[in-house]
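**Q** Please find one structure pasted underneath; my questions will follow.
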Amino acid sequence: MTSDTRFWHPFADMAAVRGSELVIAEGDGCYVTDTEGKRYFDGTASLWCVNVGHGREEIVQAVAAQMRELSSYSTFGAFSNRPAEALAERLAAYAEGVVEQPHVFFNLGGSDAIDTAAKLARRYFSAIGEPDRVHIIGRVKAYHGVHALGTSIGGIPANQEGMGPLDPETSHVPWDSLEALEAEFERVGTQRVAAVFAEPVIGAGGVHRVPPGYLQGLAELCRRHGALFVADSVIAGFGRLGTWYGIDRFDVRPDMITFAKGVTSGYLPLGGIVVGGRVAEPFWTRGGLWFRHGQTYSGHPTCCVAAQANLDIIEREGLLDRGRELEVEMASALGTLEGHELVGGIRAGIGTLGAVAFEAGALAEHPDLPARTFSAARERGLFVRPLGDAVALSPPLIATREEIDRAAQTIGEACDAVAADLGRAAAAAG
Ligand SMILES: Cc1ncc(COP(=O)(O)O)c(C=O)c1O
């Protein structure tokens, strides 16, 4: 085996990737530059996360200052640090009115947050004398990270294939049907469901917006059956849906909210959960009851100051409001692609995330359409994300209307180029 690199990329076909890596060297605002000097509009904000854009000096300064003072220290047991305390305070304040009596548990990213929330749901019920409540319901198309429980709760079969037995106390329902969810509660046994996990808008599963009333209905079913509602706002938070947590766009009160990504705009790894008072109460009041969970870097002071500096930018620059404006601009810009011979539909209109879905017949004939379109857009200086039947766009929240229009136009040009290639190949074959 020969390879120039020892770096095994996540979610990668290394046989294809090795030797053809796209090495990103610099970032500035909505743009990144590779080591060949080619500049790209970062239409995916890395992985839906660089909400304030690249190269923010004030985050760099805050991080450097904190590292000089105290770079890292455990928060196990009674140990604490000021950045973690201040950030928990701020994130809890943002959750007031959304989560009842919010508490904040920190870890390192979205997958961590999901597995923390799932374990905490089960631990909570065991603590209050309902040890049979262990079942967790997820939704088809949902993505909840890659840790052991998140892999099971997520609803993208390719991510589960060959990974051995999934957690037997998890199951999936269609992503948009309350009837199916209600039936699943009955099938599992209403006294056995610990939690239902749901993204406010499905992201990695292809950008799917829930039907009106769906999340309210889901929350109501959880309430009626005594289960917890965990809103996975790992993508949706910190302006991506135009509010702090994304789920606050909908009139619902989750028991927990998982967050990551935009909390630091990806400058340093950080994730966590906002936990409501109902779940926190036994752990915070009953002596001897521990949640025996957490990582070396939970409450990492340097990551927490990166978050603070990032949140300062979001507040100062009004990026929550900008997120709301962008959703309209994106829907309108992507809407211009309707009618393209390869395009089957546009999924956009809530949050700064959208998807251009390919026409079903064309996709059946050429399942690599999303990958081809990604490559054609990349050649034209734009990053989009191939996801299922679509390519997705989720730029930083500082993108301008002009940049959004240009990105949509580039996707159109990429689709034209792909269609022309397919036409040429068909002519050559025929
Ligand atoms: C909704 C959702 N939950 C969880 C995760 C996992 O987050 P991470 O990749 O930070 O572990 C992601 C990542 O994309 C996500 O989109």
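Residue numbering for the sequence shown follows my numbering, beginning at 17 and increasing consecutively.
Built from N, CA and C at the ideal position, the CB exists for glycine as well.
Taking L286 as the reference, give the member of F254, G170, C320 and G93 with the closest Cα.
**A** As a first step, residue 286 must be located in the sequence shown, where it is residue number 270. Among F254, G170, C320 and G93, the Cα nearest to that of L286 belongs to C320.
**Q** Take D50 and list the residues in its own chain whose beta-carbon comes closer than 8 Å to its own, dropping the five residues that flank it on each side.
**A** As a working mapping, residue 50 is identified with position 34 in the sequence shown. Counting only Cβ-Cβ distances below 8 Å, and skipping sequence neighbours, we find L38, V39, I40, A41 and Y56.
**Q** Pull the bridge partners of R363 from the DSSP assignment, please.
**A** Along the sequence shown, one-based indexing puts residue 363 at 347. According to DSSP, which records beta bridges pairwise, R363 is partnered with A371.
**Q** Give the DSSP-derived three-state secondary structure of Y47 in the structure shown.
**A** Taking the first residue of the sequence shown as position 1, residue 47 is located at position 31. Note: Y47 maps to strand in three-state DSSP.
**Q** Which class does E179 belong to by DSSP, given the choice of helix, strand or coil?
**A** Reading the sequence shown from its first residue, position 163 is the one you call residue 179. The residue asked about is misnamed: residue 179 is Met in this sequence, not Glu. Of the three classes helix, strand and coil, the one that applies to M179 here is coil, per DSSP.
**Q** Work out the CA separation of Q324 and M17 for me, nearest whole Å.
**A** Mapped onto the sequence shown, residue 17 falls at position 1. Mapped onto the sequence shown, residue 324 falls at position 308. Confidence at M17 is low in this model, with a pLDDT of 47, below 50, so the placement of that residue should be treated as unreliable; the coordinate-derived value is given next. If I take the Cα positions, the gap works out to 45 Å.
**Q** Going by beta-carbon coordinates alone, are F245 and V217 separated by less than 9 Å?
**A** The residue you call residue 245 lines up with position 229 of the sequence shown. The residue you call residue 217 lines up with position 201 of the sequence shown. Going by C-beta atoms, F245 is not nearer than 9 Å to V217.
**Q** Helix, strand or coil for V291, going by three-state DSSP, please let me know.
**A** Along the sequence shown, read from residue 1 onward, the residue named residue 291 stands at position 275. The answer is strand: DSSP assigns V291 an E or B state.
**Q** Roughly how many whole angstroms lie between the Cα atoms of I329 and V68?
**A** The residue given as residue 329 occupies position 313 in the sequence shown. The residue given as residue 68 occupies position 52 in the sequence shown. Cα to Cα, I329 sits roughly 7 Å from V68.
**Q** For L353, which residues of its own chain have a beta-carbon under 6 Å away from its beta-carbon, when the five flanking residues on both sides are left out?
**A** Here residue 353 refers to the residue found at position 337 of the sequence shown. Hits under 6 Å: V359, V372 and G428.
**Q** For the beta strand (DSSP E) that contains R240, what are its first and last residues?
**A** As a first step, residue 240 is located in the sequence shown; it is residue number 224 there, counting from the start. Premise fails: R240 lies in the alpha helix (DSSP H), Y230 to H241, not in any beta strand (DSSP E).
**Q** For ligand 1, is there any heavy atom lying closer than 8 Å to the beta carbon of S127?
**A** Residue mapping note: residue 127 aligns to position 111 of the sequence shown, counting from 1. S127 Cβ: within cutoff of ligand 1.
**Q** Contact defined as beta carbons within less than 8 Å: I believe N326 pairs with T280. What is the distance between those atoms, to the nearest angstrom?
**A** In the sequence shown, residue 326 corresponds to position 310, counting from 1. In the sequence shown, residue 280 corresponds to position 264, counting from 1. That pair is a contact at about 5 Å.
**Q** Check whether the Cβ atoms of H241 and V209 sit closer than 9 Å, and answer yes or no.
**A** Taking the first residue of the sequence shown as position 1, residue 241 is located at position 225. Taking the first residue of the sequence shown as position 1, residue 209 is located at position 193. Taking 9 Å as the Cβ cut-off, H241 and V209 qualify as a contacting pair.
**Q** Less than 8 Å separating the Cβ of A9 from some heavy atom of ligand 1?
**A** In the structure displayed, the chain extends from 17 to 446; residue 9 sits before or after that span and is not available.
**Q** If you draw a straight line from the alpha carbon of D337 to that of D20, how long is it in whole angstroms?
**A** Counting from 1 along the sequence shown, the entry for residue 337 is found at position 321. Counting from 1 along the sequence shown, the entry for residue 20 is found at position 4. Cα-Cα distance, rounded: 45 Å.
**Q** Compute the minimum distance between the beta carbon of V162 and the heavy atoms of ligand 1, and state whether it is under 8 Å.
**A** Taking the first residue of the sequence shown as position 1, residue 162 is located at position 146. Yes, ligand 1 has a heavy atom inside 8 Å of this Cβ.
**Q** Using only CA atoms, which one of L165, Q311, A406 and A322 lies nearest to L284?
**A** Translated into the one-based positions of the sequence shown, residue 284 becomes position 268. Comparing Cα-Cα distances from L284 to each of L165, Q311, A406 and A322, the minimum goes to A322.
**Q** Would you list the one or two residues that DSSP bridges to A354?
**A** Counting from 1 along the sequence shown, the entry for residue 354 is found at position 338. Per the sequence shown, the amino acid found at residue 354 is Glu instead of Ala. BP columns for E354 are empty, so no partner.
**Q** List, from N- to C-terminal side, the alpha helix (DSSP H) runs of 4 residues or more that fit wholly inside the region 374-398.
**A** Those alpha helix (DSSP H) runs which fall completely within the region 374-398 and span 4+ residues are 376-381 and 385-395.
**Q** May I ask you to check if the CB of L284 is nearer than 8 Å to at least one heavy atom of ligand 1?
**A** On the sequence shown, position 268 is the one that residue 284 refers to. It does not: the Cβ of L284 is nowhere closer than 8 Å to a heavy atom of ligand 1.
**Q** Determine, using beta carbons only, whether G282 and V66 come nearer to each other than 9 Å.
**A** The residue labelled residue 282 in the question sits at position 266 within the sequence shown. The residue labelled residue 66 in the question sits at position 50 within the sequence shown. Closer than 9 Å, so yes.
**Q** Taking C-alpha atoms, which residue in F92, H224, R98 and I75 lies nearest to L86?
**A** The residue you call residue 86 lines up with position 70 of the sequence shown. Checked all of F92, H224, R98 and I75; the closest Cα to L86 is R98.
**Q** With H, G and I counted as helix, E and B as strand and the rest as coil, what does DSSP make of T416?
**A** Start at 1 with the first residue of the sequence shown, and residue 416 comes out as number 400. Residue state, collapsed to three classes: coil.
**Q** Compute the minimum distance between the beta carbon of K157 and the heavy atoms of ligand 1, and state whether it is under 8 Å.
**A** As a first step, residue 157 is located in the sequence shown; it is residue number 141 there, counting from the start. Every heavy atom of ligand 1 is 8 Å or more from the Cβ of K157, so no.
**Q** Which residues in the same chain have their Cβ closer than 8 Å to the Cβ of H224, if we skip the five residues on either side of it in sequence?
**A** For this step, residue 224 is matched to residue 208 along the sequence shown. Only K157, W191, D192, V217, I218 and R363 meet the Cβ criterion.
**Q** Checking the sheet assignment: what are the DSSP bridge partners for H6?
**A** Nothing about residue 6 can be read from this structure; the chain reaches only from 17 to 446.
**Q** Could you say which of V204, Q425 and T91 lies nearest to H356 if we only look at CA atoms?
**A** Taking the first residue of the sequence shown as position 1, residue 356 is located at position 340. It is Q425.
**Q** Per DSSP, V212 is paired with what?
**A** Within the sequence shown, residue 212 is the residue found at index 196, counting from 1. Looking at the DSSP assignment, V212 forms a beta bridge with I153 and F245.
**Q** Taking 9 Å as the threshold (C-beta atoms), are I263 and V120 in contact?
**A** If you number the sequence shown from 1, residue 120 lands on position 104. If you number the sequence shown from 1, residue 263 lands on position 247. No, these two residues do not count as a Cβ contact at 9 Å.
**Q** What does DSSP give as the partner residue(s) for P402 in the beta ladder?
**A** By 1-based counting over the sequence shown, the position of residue 402 is 386. Per DSSP, V407.
**Q** Hey, would you say V295 sits closer than 9 Å to A108, going by beta carbons?
**A** Residue 295 sits at position 279 when you count from the first residue of the sequence shown. Residue 108 sits at position 92 when you count from the first residue of the sequence shown. No. Outside cutoff.
**Q** Comparing alpha-carbon positions, which option in A444, H316 and S391 lies nearest S90?
**A** Translated into the one-based positions of the sequence shown, residue 90 becomes position 74. Out of A444, H316 and S391, H316 has the C-alpha closest to the C-alpha of S90.
**Q** Please state the DSSP three-state secondary structure of S193.
**A** Here residue 193 refers to the residue found at position 177 when the sequence shown is read from its first residue. S193: coil per DSSP, three-state reduction.
**Q** Thinking C-alpha only, which one of R34, I414 and D405 is nearest D384?
**A** Numbered from its first residue, the sequence shown carries residue 384 at position 368. That would be D405, whose Cα lies nearest to the Cα of D384.
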